[in-house]
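All remarks here apply to the structure that follows.
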Amino acid sequence: YFDTGVMVVDLGRWRRTGYTRRIERWMEIQKSPAGRIYELGSLPPFLLVFAGHVAPIEHRWNQHGLNGDNVFGRCRDLHPGPVSLLHWSGSGKPWARLGAGLPCPLDTLWAPFDLYGPTDSAAEGSR
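Residue -6 is where the sequence shown starts when you use my numbering, and the numbers rise one by one after that.
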């Protein structure tokens, strides 16, 4: 599984190999008058450039798939085992669900880091 949202990069090799230029070239082709050649945002150019040159990282470093949809009751739970990084990949973001009053249970893990959401001090200031 390759995910542009969470990846470990050898920056020296990245520079020597010219990965930025190669990825940007695919992006230029994508926006050319000939039209779109891929979907899924930033993922396809990375897949085209890094095909066959990726190694897995421990699952705990990309606890992805937390983008469940509580409108339809499709919240996800954590995968078993230790977790070091929570990744709300996809369109279901905790800040949107919390703001809509439809949070998934794991969204509460993100809530304390919401700089724009309600806080105790903000609530006190409105009294």
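Think of the CB as a built atom: it goes at the ideal place given N, C-alpha and C, for glycine as much as any other residue.
Keep in mind that this is a model prediction, so the values were computed, not measured.
Query	Result
Residue(s) in a DSSP beta bridge with Gln56	Leu79
Segment contact, 8 Å Cβ cut-off, at least three pairs: the stretch 23 to 42 with the stretch 68 to 83	no
Within 8 Å, strictly: CB atoms of His57 and Asp107	no
Cβ pair Cys68, Pro105 closer than 8 Å	no
Endpoints, the alpha helix (DSSP H) within which Met0 is located	Element bounds for Met0: n/a, residue is neither H nor E.
Nearest-angstrom Cβ-Cβ length linking Ile16 and Pro37, presumed shorter than 8 Å	Actually they do not touch by this definition, with Cβ atoms about 10 Å apart.
Completely contained alpha helix (DSSP H) runs for the stretch 5 to 60, where each covers 4 or more residues	12 to 23, 36 to 43
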